[in-house]
Amino acid sequence: MRDQGFIWVVDADISSFFDEVDHDLLMDAVRELVSDPMIRKLINRWLRADVKEGDRYFRLDKGVPQGSPISPMLANLYLDRLDEAILAEQLRIVRFADDFLILCRDRKQAEKALDFTAEVLETLRLELNRQKTEIKDFNRGFRFLGVEFVRTLILKAKHPEIKPEFIDTQTLALIPSQKEKSCPAAPLPETTMAMALSEAGLKPDDFPDQVEQVMETPPPDPEEPMKKVVDHDPRLRTLYILEHGYVLGKESERFTISRGSKVVQRVPAIKVDQIMIFGNAQITTQAMHFCILSKIPVFLLNGQGKYYGVIDGFDTDPVLLHRDQFARAADPTFCLGISRDFIRGKIKNSIGLLRRYIKNRNLTSLQPAVTELQKIDTRIENTTDLNQLRGLEGNGARIYFAAFGRVLDPDWGFNGREKQPPGDPVNSMLSYGYTLLFYNLYSFVRARGLNPHIGLLHAVRSGHPALVSDIIEEFRSIVVDAVVFNLVFNRRVTPADFTLPERPGQGCLLSDQARKLFIAEMEKKMNSPITHPHSGLKLDYRRCLEHQIASLAAVIQGREERYHPLVLR
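In terms of my numbering, the sequence shown opens at residue 67 and continues consecutively.
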């Protein structure tokens with residue numbers, strides 16, 4: 067590989083790798099390879115075996131047991147996604163267990179490879195040991211698995227590696243030699259490789275440093291047909307395909323985006339958790355097969371965000387959780403209690419957003435709506451059936467949106483919530499935003515093993531993911547409404563960015579530019595950090611979605627007593 071031009075090296079180390087392996091992710095990888103449930107059960111028991119440390123016994127909740135005969139195999143399986151992701155970036159990786167090198171053509175590529183590796187490891191719930199991870203090159207030399215490499219020379223290391231941060235080489239160089247005290251000492255070699263060369267009577271300059279470049283790195287294509295996520299690694303990374311005429315395909319471990327015969331972009335599959343295809347774009351059979359096997363849902367929507375369907379594999383693993391869901395859904399007392407929590411979260415967060423605009427924009431005319439919503443909030447606990455609770459929720463929504471209608475400029479034409487179809491720009495953005503939020507939640511519900519169609523608040527009907535409709539309520543105002551009204555009040559979009567309906571039954575449509583801006587703002591919102599009010603954890607909104615769904619699953623299974631909605635203060 068060196069002779070092919072890969073002369074820069076990311077010498078990487080994973081922090082406490084064997085202690086940090088996530089059991090759920092590892093078992094997902096095992097399930098892809100092992101069909102026998104008894105073998106999978108045995109591996110799972112191996113992972114969670116009791117460990118004795120002195121007189122103390124404990125059970126591992128993560129990590130692979132040191133000394134277990136299958137631990138090396140499981141460790142390699144766990145890092146297989148890292149190998150594939152690095153190779154998909156047209157780089158080269160040499161790995162032994164958790165020690166690995168990534169070989170690159172230049173330093174800039176090595177720096178990007180280092181950042182990319184950190185991203186991939188985060189998806190595996192691991193992190194780089196920054197103190198032991200360095201960028202090196204063949205000219206200066208580096209060590210890997212007890213072997214020193216410098217230019218074209220390979221030597222077995224005879225000395226422990228010297229770290230300059232712990233040894234002051236300038237001070238040591240002043241110490242006279244024990245054999246020749248009369249002669250000034252030569253400077254201490256800075257690396258183990260230099261020490262080995264010195265003992266052999268050689269210098270690095272004795273070796274050639276010309277490397278033949280047999281492959282050139284292709285320049286990046288400036289055309290970008292989609293909006294991708296974002297500044298850091300979010301919990302659920304979404305690939306949006308917004309342009310008509312593009313085709314989503316697959317090659318190796320990468321998705322390709324093509325127009326005609328030209329591939330305009332390649333995206334490593336390791337960086338994609340779900341895909342949303344809008345309008346007249348296509349997906350190949352190979353890409354569909356890969357997404358189903360990799361549990362990457364593909365949502366198909368029209369250009370305005372109307373849902374058509376989802377490409378998603380049917381998973382029978384969480385059948386016991388589904389059984390518990392059906393039992394809970396058949397219990398009126400349970401459904402009423404948890405539905406109160408859903409609606410309480412929605413009402414309180416609606417009040418919170420209104421108060422924010424009262425404070426920040428001095429919109430005191432919103433105060434009567436706050437007062438009315440507070441009255442509804444006090445009545446929620448005394449509801450005796452779901453229909454009464456749904457009535458309170460509907461009345462609260464009318465009060466809330468009517469209040470915003472009174473303070474928005476008349477040119478927006480917003481007088482309250484209109485859904486099917488949305489007849490004005492504000493309603494168009496609200497519907498579009500709720501669609502994006504809905505299918506983010508859908509992916510998390512499926513990933514957690516819940517059946518999205520078994521609702522607790524919303525009635526079960528064919529083809530409707532009722533449980534997702536339940537959970538979305540507490541997030542509507544703090545995610546979607548906050549983005550929409552921010553764009554409107556700050557005039558970052560205007561009514562001119564929309565196509566108004568020409569006849570009854572038509573909807574108001576976003577322009578291509580407005581749609582891209584809106585998606586960008588939604589992603590920015592979803593990735594922004596907050597402190598979860600119940601757990602105290604520092605999370606972004608996407609991780610809050612996942613946190614709430616995990617809490618709901620725990621309540622359904624009886625592992626937690628009460629569901630606490632996400633209410634921002």
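For each residue, glycine too, the CB sits at the ideal point set by N, CA and C.
Report the rounded CA-to-CA distance for N493 versus D536, giving the unit in angstroms.
-> Taking the sequence shown and counting its residues from 1, one reaches residue 493 at position 427. Taking the sequence shown and counting its residues from 1, one reaches residue 536 at position 470. Cα-Cα distance, rounded: 21 Å.
Please name the residue, chosen from N517, P518, A532, that lies closest to H524 on a Cα-to-Cα basis.
-> Numbered from its first residue, the sequence shown carries residue 524 at position 458. Of the listed residues, the one whose Cα sits closest to H524 is A532.
Expressed to the nearest angstrom, what Euclidean distance is found between the alpha-carbon atoms of E188 and L145?
-> Here the question's residue 188 lines up with position 122 in the sequence shown. Here the question's residue 145 lines up with position 79 in the sequence shown. For E188 and L145, the distance between alpha carbons rounds to 12 Å.
What span of residues does the alpha helix (DSSP H) with S324 cover, start to end?
-> Along the sequence shown, one-based indexing puts residue 324 at 258. Where S324 is concerned, there is no enclosing alpha helix (DSSP H), although the beta strand (DSSP E) it sits in stretches over 320-325.
From R303 to Q340, what does the alpha carbon distance come to, in whole angstroms?
-> Indexing the sequence shown from 1 puts residue 303 at position 237. Indexing the sequence shown from 1 puts residue 340 at position 274. If you take the alpha carbons of R303 and Q340, they lie about 7 Å apart.
Name the DSSP beta bridge partners of D79, please?
-> Locating residue 79 in the sequence shown gives position 13, where the first residue counts as 1. D79 is bridged to D165.
For R445, which option in A435, P434, E459, Q433 has the closest C-alpha, if you only look at C-alpha atoms?
-> For the purposes of this step, residue 445 is taken as residue 379 along the sequence shown, with counting starting at 1. Ranking the options by Cα distance to R445, first place goes to E459.
Should N428 be labelled buried (16 or more other beta-carbon atoms within 10 Å of its own) or exposed?
-> Residue numbering aside, residue 428 sits at position 362 when the sequence shown is read from its first letter. With fewer than 16 other Cβ atoms within 10 Å, it is exposed.
Can you name, in chain order, every residue of its own chain whose Cβ lies under 8 Å from the Cβ of L634, other than the five neighbours on each side?
-> As a position in the sequence shown, residue 634 is number 568, starting the count at 1. Closer than 8 Å at Cβ, skipping near neighbours: N415, G418, I544, I596, P599.
Beta carbon of R158, beta carbon of L169: below 9 Å?
-> What you label residue 158 is simply residue 92 of the sequence shown in a count that begins at 1. What you label residue 169 is simply residue 103 of the sequence shown in a count that begins at 1. Contact flag set, yes.
What distance in whole Å lies between the Cβ atoms of I538 and L503, which are believed to be in contact at a cut-off of 8 Å?
-> As a first step, residue 503 is located in the sequence shown; it is residue number 437 there, counting from the start. As a first step, residue 538 is located in the sequence shown; it is residue number 472 there, counting from the start. The Cβ separation is near 6 Å, so the contact holds.
Should I105 go down as buried or exposed, given a rule of 16 or more other Cβ atoms within 10 Å for buried?
-> Indexing the sequence shown from 1 puts residue 105 at position 39. By the 10 Å Cβ count, I105 comes out exposed.
To which residues of the same chain is R628 closer than 6 Å at the C-beta, ignoring the five residues directly before and after it?
-> Position 562 of the sequence shown holds residue 628. Excluding sequence neighbours, R628 sits near nothing in its chain.
By the 10 Å Cβ neighbour count, where 16 or more other Cβ atoms means buried, how is M495 classified, buried or exposed?
-> The count along the sequence shown starts at 1 and reaches residue 495 at position 429. Buried, since its Cβ has 16 or more Cβ neighbours within 10 Å.
Please say whether P384 and N517 have beta carbons closer to each other than 9 Å?
-> Here residue 517 corresponds to residue number 451 of the sequence shown, with the count starting at 1. Here residue 384 corresponds to residue number 318 of the sequence shown, with the count starting at 1. Yes.
Cα-Cα separation, Y423 to N552 | As a first step, residue 423 must be located in the sequence shown, where it is residue number 357. As a first step, residue 552 must be located in the sequence shown, where it is residue number 486. Whole-angstrom Cα-Cα distance: 10 Å.
In whole angstroms, what is the alpha-carbon distance linking K337 and P476?
-> Working through the sequence shown from its first residue, we reach residue 337 at position 271. Working through the sequence shown from its first residue, we reach residue 476 at position 410. Distance between the alpha carbons of K337 and P476 is about 43 Å.
Look up I109 in the DSSP assignment and give the residues it is bridged to.
-> As a working mapping, residue 109 is identified with position 43 in the sequence shown. In the DSSP output, where bridge partners are listed per residue, I109 has none listed.
beta-carbon V546 near the ligand NAD non-hydrogen atom, thresh 8 Å = Looking for the ligand NAD in the displayed structure turns up nothing, as the structure carries no ligands at all.
Rank Q197, M354, Q572 by C-alpha distance to the C-alpha of D490 and give the top, closest one.
-> Locating residue 490 in the sequence shown gives position 424, counting from the first residue. Closest option to D490, Cα to Cα, is Q572.
Tell whether a beta-carbon distance below 9 Å holds between F344 and I307.
-> As a first step, residue 344 must be located in the sequence shown, where it is residue number 278. As a first step, residue 307 must be located in the sequence shown, where it is residue number 241. Contact: yes.
Contiguous alpha helix (DSSP H) assignments of at least 4 residues, all confined to the stretch 574-627 = 578-592, 607-622
N453, buried or exposed, once every other Cβ within 10 Å from all chains shown has been counted against 16 = Walking along the sequence shown from the start, residue 453 turns up at place 387. N453 comes out exposed.
Given K412, which residues of its chain have a CB within under 6 Å of its CB, disregarding the five upstream and five downstream residues?
-> The residue labelled residue 412 in the question sits at position 346 within the sequence shown. So the qualifying residues of the chain are E539, E540.
Consult DSSP for V550 and reduce its assignment to one of helix, strand or coil.
-> What you label residue 550 is simply residue 484 of the sequence shown in a count that begins at 1. Looking at V550 - three-state DSSP - the assignment turns out to be helix.
How would you call A262, buried or exposed, if buried means at least 16 neighbouring beta carbons within 10 angstroms?
-> Walking along the sequence shown from the start, residue 262 turns up at place 196. Interpretation of A262 is limited by its pLDDT of 47, a score under 50 that renders its predicted location unreliable; the figure taken from the coordinates is listed afterwards. Buried, by the Cβ-count rule.
Does the separation of the CB atoms of I622 and Q433 fall below 9 Å?
-> Taking the first residue of the sequence shown as position 1, residue 622 is located at position 556. Taking the first residue of the sequence shown as position 1, residue 433 is located at position 367. No, they are not a contact pair.
What's the call for V546, buried or exposed, on a 16-neighbour Cβ count within 10 Å?
-> Along the sequence shown, one-based indexing puts residue 546 at 480. Classification for V546: buried.
For D443, which of helix, strand or coil comes out of DSSP?
-> Sequence index remark: in the sequence shown, residue 443 carries index 377 (1-based). Three-state result, D443: helix.
State the beta-bridge partners of Q644 as determined by DSSP.
-> The structure shown does not extend to residue 644, since the chain is modelled only from 67 through 635, so no value can be given for it.
Looking only at C-alpha atoms, which of N426, K590, I136, P631 sits nearest to R406?
-> Residue mapping note: residue 406 aligns to position 340 of the sequence shown, counting from 1. When each option's Cα is compared against that of R406, the closest is P631.
Could you have a look at R636 and say whether DSSP puts it in helix, strand or coil?
-> Limits of the chain in this structure are 67 at one end and 635 at the other, which puts residue 636 out of reach.
C-alpha gap between T199 and T565, whole angstroms = Here the question's residue 199 lines up with position 133 in the sequence shown. Here the question's residue 565 lines up with position 499 in the sequence shown. Near 53 Å, if we compare the C-alpha coordinates of T565 and T199.
For V633, which residues does DSSP report across the bridge?
-> For the purposes of this step, residue 633 is identified with residue 567 of the sequence shown, where counting begins at 1. The partner list for V633 (beta bridge, DSSP) is empty, contrary to what the question assumes.
Pick out whichever of G379, L576, R147 has its Cα sitting closest to the Cα of T183.
-> Working through the sequence shown from its first residue, we reach residue 183 at position 117. For the residues G379, L576, R147, the minimum Cα distance to T183 belongs to R147.
Anyone know if the C-beta pair for G515 and L618 falls short of 9 Å?
-> Residue numbering aside, residue 515 sits at position 449 when the sequence shown is read from its first letter. Residue numbering aside, residue 618 sits at position 552 when the sequence shown is read from its first letter. Taking 9 Å as the Cβ cut-off, G515 and L618 do not qualify as a contacting pair.
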